[in-house]
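All the letters of the sequence shown, read from the start, carry residue numbers 3 to 526 under our numbering.
The C-beta atom is built at its ideal place from N, Cα and C for all residues, glycine as well.
As structure tokens, the structure follows; a few thoughts come after it.
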Amino acid sequence: MEGKQQRKCEICQFDDNDEVLYGEWMVSRQLHVHYYCLLLSTHLPQRGSDSSGILGFLMRDIREEAAAARKRKCHYCQQMSASIQCHGCRVVFHLKCGLNNQCAFEFTGQYNSYCDSCVPTDDYQREVMANPPKKRLCDICLVPILVFKMFQITYGDCCRRGFAHKSCMRRYALASGYYLRCIWCRSKSFRDSIRLQSVFVPDRDAMWEKQRNAYRELHERNLRCSETNCLCPNGRFYNKSSWRMLSCKLCGCMGAHSKCLAGTVRISRGTEPSEFKCSTCQELEANIAERPARSSNASIAGAEGKVNSSFYVKKIGPDEPALPDTQAPVFSDDDDNDTSSTSNSSNITVIATQLQTMATSETPPPNIEPSIIEILDSSQSQSPIESPDSLELAINVPDSLQPQIAINSPDSPKSAVTADSPEPELEEDPNTLLVLKRSFRHADEPFFYLVIYEFEQGTCKGKCTGSCVLRFSEDDARIQDKSQKALQRVKVTPDDVWCRDKDTGIFGQIDKFHEMLKSKTEQN
Numbered sequence: 003m004e005g006k007q008q009r010k011c012e013i014c015q016f017d018d019n020d021e022v023l024y025g026e027w028m029v030s031r032q033l034h035v036h037y038y039c040l041l042l043s044t045h046l047p048q049r050g051s052d053s054s055g056i057l058g059f060l061m062r063d064i065r066e067e068a069a070a071a072r073k074r075k076c077h078y079c080q081q082m083s084a085s086i087q088c089h090g091c092r093v094v095f096h097l098k099c100g101l102n103n104q105c106a107f108e109f110t111g112q113y114n115s116y117c118d119s120c121v122p123t124d125d126y127q128r129e130v131m132a133n134p135p136k137k138r139l140c141d142i143c144l145v146p147i148l149v150f151k152m153f154q155i156t157y158g159d160c161c162r163r164g165f166a167h168k169s170c171m172r173r174y175a176l177a178s179g180y181y182l183r184c185i186w187c188r189s190k191s192f193r194d195s196i197r198l199q200s201v202f203v204p205d206r207d208a209m210w211e212k213q214r215n216a217y218r219e220l221h222e223r224n225l226r227c228s229e230t231n232c233l234c235p236n237g238r239f240y241n242k243s244s245w246r247m248l249s250c251k252l253c254g255c256m257g258a259h260s261k262c263l264a265g266t267v268r269i270s271r272g273t274e275p276s277e278f279k280c281s282t283c284q285e286l287e288a289n290i291a292e293r294p295a296r297s298s299n300a301s302i303a304g305a306e307g308k309v310n311s312s313f314y315v316k317k318i319g320p321d322e323p324a325l326p327d328t329q330a331p332v333f334s335d336d337d338d339n340d341t342s343s344t345s346n347s348s349n350i351t352v353i354a355t356q357l358q359t360m361a362t363s364e365t366p367p368p369n370i371e372p373s374i375i376e377i378l379d380s381s382q383s384q385s386p387i388e389s390p391d392s393l394e395l396a397i398n399v400p401d402s403l404q405p406q407i408a409i410n411s412p413d414s415p416k417s418a419v420t421a422d423s424p425e426p427e428l429e430e431d432p433n434t435l436l437v438l439k440r441s442f443r444h445a446d447e448p449f450f451y452l453v454i455y456e457f458e459q460g461t462c463k464g465k466c467t468g469s470c471v472l473r474f475s476e477d478d479a480r481i482q483d484k485s486q487k488a489l490q491r492v493k494v495t496p497d498d499v500w501c502r503d504k505d506t507g508i509f510g511q512i513d514k515f516h517e518m519l520k521s522k523t524e525q526n
């Protein structure tokens, strides 16, 4: 009982363990949830890939939906933690209560659900309910269908030739996966239409393909002599000594004794046949030879793609407004790991040393989650932009933005170098330093995030295009020293890019300041 109480769904708060009705148990970070509760929860978006969170549902979204569901009362049992909303009348209910009260669920698209009063029906369904067939058998289990209601039966919308218990069809769909076809007409469209009848069809391999030693007999070969007149005195299966068995060189399934092929037992060693073709393969070769030649470049129609054994299916919606560009991204193991298209589309840029001092420490914003540990933040300026009437005091440009002459510049006199000058810093190539915005790590994951500014031309002369978030493993040798001086010298590769943001921080404020100053000058 103790283990059962711990295995309670975080969303619906029920501990039912029927995979056919509720889906598989999904467990991550001591969070247990029914898979169908994830798919059918109306307000739970799927914002990740199959490797993010729990099959595309981010852990943060799951926890937020579970907390919101605890404030909703079920239309049927009057208990809290209802997460499924009727697409028609907008009442909310539990998955378990929906199954017990003849509700309907669509396991495709936006995964809409309907209460018992709003279940959509078409002309064929209304005709079947008005005149239910008499003494019909389930075409899967061959047991009579006693209650002929749509919440208990399924049919093939492609041919409408028969009926089956919904429980039988659910088991058949879970077992078949990619290989699900209409049991009456073998149509492939049945796989999509049955999802509208409250039947979940996984995008995975069939269960019989995964059984251990399912095709063991294919690797075993018990040859027997297939000749009409077998001459072996020990029988057709004897394969020793002078009665050596040859297998068919094409199929390998059929066999024959070499002496039986020669037609005599008095045959000297070395003169018996060394290869054998069975009659079936010989007939097949003859048929192929009579057919017209086929181009090797001809395409194969209906070729199946690569089979993916993942349980992941795509959920569309719910329709929610996109996050604003200025909102800080949330980082956890739930986020989509597929950043290859972003990281390969552009290069990491750095800017000159004159802008290093822009990365000064700052108090983290109050809206940052407690789970994110801020190490340093330098994305804002200490002086805000004000109205055009006070442009002179609007922005205090740091001294580091003023033009400077580097020690290693050819225009700089050698006498400018003094003994008090810190040689290592002055001799470093200014175009190799990153301009830091902030750096942080998440308490629950082994990654370190570094946020830098990016520029069009890679130098201070280029316009700031936004910020770039880099992700490093905690054991990465490049970020073992997390001081500001060391972080701005990190050697970055495109694979380190995690995401990008359009927030230009203080550089955007400076651009606005110059635009307002220019417009004021033109007006004067």
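Keeping to the same chain, check which residues put their C-beta closer than 6 Å to that of residue i; ignore five residues upstream and five downstream.
{"i": "residue 245", "result": "234 and 259"}
{"i": "residue 40", "result": "59"}
{"i": "residue 177", "result": "209"}
{"i": "residue 25", "result": "36, 37 and 38"}
{"i": "residue 78", "result": "95, 99 and 103"}
{"i": "residue 186", "result": "158, 161, 163 and 164"}
{"i": "residue 199", "result": "156"}
{"i": "residue 315", "result": "205"}
Measuring only the C-alpha atoms, how far is residue i from residue j?
{"i": "residue 447", "j": "residue 120", "result": "44 Å"}
{"i": "residue 54", "j": "residue 164", "result": "40 Å"}
{"i": "residue 438", "j": "residue 476", "result": "18 Å"}
{"i": "residue 124", "j": "residue 197", "result": "16 Å"}
{"i": "residue 506", "j": "residue 467", "result": "6 Å"}
{"i": "residue 483", "j": "residue 469", "result": "22 Å"}
{"i": "residue 277", "j": "residue 254", "result": "11 Å"}
{"i": "residue 160", "j": "residue 284", "result": "41 Å"}
{"i": "residue 457", "j": "residue 465", "result": "5 Å"}
{"i": "residue 502", "j": "residue 48", "result": "21 Å"}
{"i": "residue 2", "j": "residue 71", "result": "In the structure as shown, the chain begins at 3 and stops at 526. Residue 2 is therefore absent and cannot be evaluated."}
{"i": "residue 435", "j": "residue 486", "result": "11 Å"}
{"i": "residue 173", "j": "residue 441", "result": "50 Å"}
{"i": "residue 21", "j": "residue 227", "result": "49 Å"}
{"i": "residue 214", "j": "residue 182", "result": "21 Å"}
{"i": "residue 193", "j": "residue 293", "result": "36 Å"}
{"i": "residue 88", "j": "residue 114", "result": "7 Å"}
In its own chain, which residues sit with a C-beta less than 8 Å from the C-beta of residue i, not counting the 5 before and 5 after it?
{"i": "residue 525", "result": "none"}
{"i": "residue 493", "result": "480"}
{"i": "residue 75", "result": "81, 82, 84 and 94"}
{"i": "residue 195", "result": "158, 159 and 160"}
{"i": "residue 101", "result": "23"}
{"i": "residue 9", "result": "17, 19, 27 and 34"}
Taking buried to mean at least 16 other C-beta atoms within 10 Å of its own C-beta, is residue i buried or exposed?
{"i": "residue 210", "result": "exposed"}
{"i": "residue 229", "result": "buried"}
{"i": "residue 2", "result": "Residue 2 is absent from the structure shown; the chain starts at 3 and stops at 526."}
{"i": "residue 116", "result": "buried"}
{"i": "residue 32", "result": "exposed"}
{"i": "residue 96", "result": "buried"}
{"i": "residue 92", "result": "exposed"}
{"i": "residue 108", "result": "buried"}
{"i": "residue 61", "result": "buried"}
{"i": "residue 443", "result": "buried"}
{"i": "residue 290", "result": "exposed"}
{"i": "residue 257", "result": "buried"}
{"i": "residue 145", "result": "exposed"}
Out of the options, point me to the one whose CA is closest to residue i's CA.
{"i": "residue 73", "options": "102, 13 and 31", "result": "13"}
{"i": "residue 274", "options": "281, 71 and 264", "result": "264"}
{"i": "residue 281", "options": "261, 251, 292 and 293", "result": "251"}
{"i": "residue 37", "options": "78, 486, 317 and 456", "result": "317"}
{"i": "residue 205", "options": "52, 24, 522 and 474", "result": "52"}
{"i": "residue 168", "options": "140, 287, 10 and 50", "result": "140"}
{"i": "residue 65", "options": "512, 15 and 151", "result": "15"}
{"i": "residue 34", "options": "450, 441, 110 and 11", "result": "11"}
{"i": "residue 490", "options": "154, 146, 451 and 21", "result": "451"}
{"i": "residue 127", "options": "112, 151 and 137", "result": "151"}
{"i": "residue 131", "options": "63, 143, 114 and 149", "result": "149"}
{"i": "residue 110", "options": "136, 133 and 44", "result": "44"}
Taking 7 Å as the cut-off, does the CB of residue i come closer than this to any heavy atom belonging to the ligand NAP?
{"i": "residue 251", "result": "The ligand NAP is not among the ligands present in this structure, which contains no ligands whatsoever."}
Residues in its own chain within less than 7 Å of residue i by CB, not counting five upstream and five downstream?
{"i": "residue 118", "result": "103, 104 and 105"}
{"i": "residue 29", "result": "none"}
Residue i CB to nearest chain D CB: under 8 Å?
{"i": "residue 129", "result": "No chain D appears in this structure, which consists of one protein chain only."}
| message | Quick check for students: name the residue ranges of the beta strand (DSSP E) that lie wholly in the stretch 456-502, counting only runs of 3 or more. | response | 466-475
| query | In the stretch 131-198, which residue ranges form an unbroken beta strand (DSSP E) of at least 3 residues, counting only runs that do not cross its ends? | reply | 155-157 and 165-167
| query | Of all the alpha helix (DSSP H) runs that stay within the bounds of the stretch 91-133, which reach a length of 4 or more residues? | reply | 97-102 and 125-132
| query | At which residue ranges does the stretch 241-291 contain complete alpha helix (DSSP H) runs of 4 or more residues, listed in the order of the chain? | reply | 260-264
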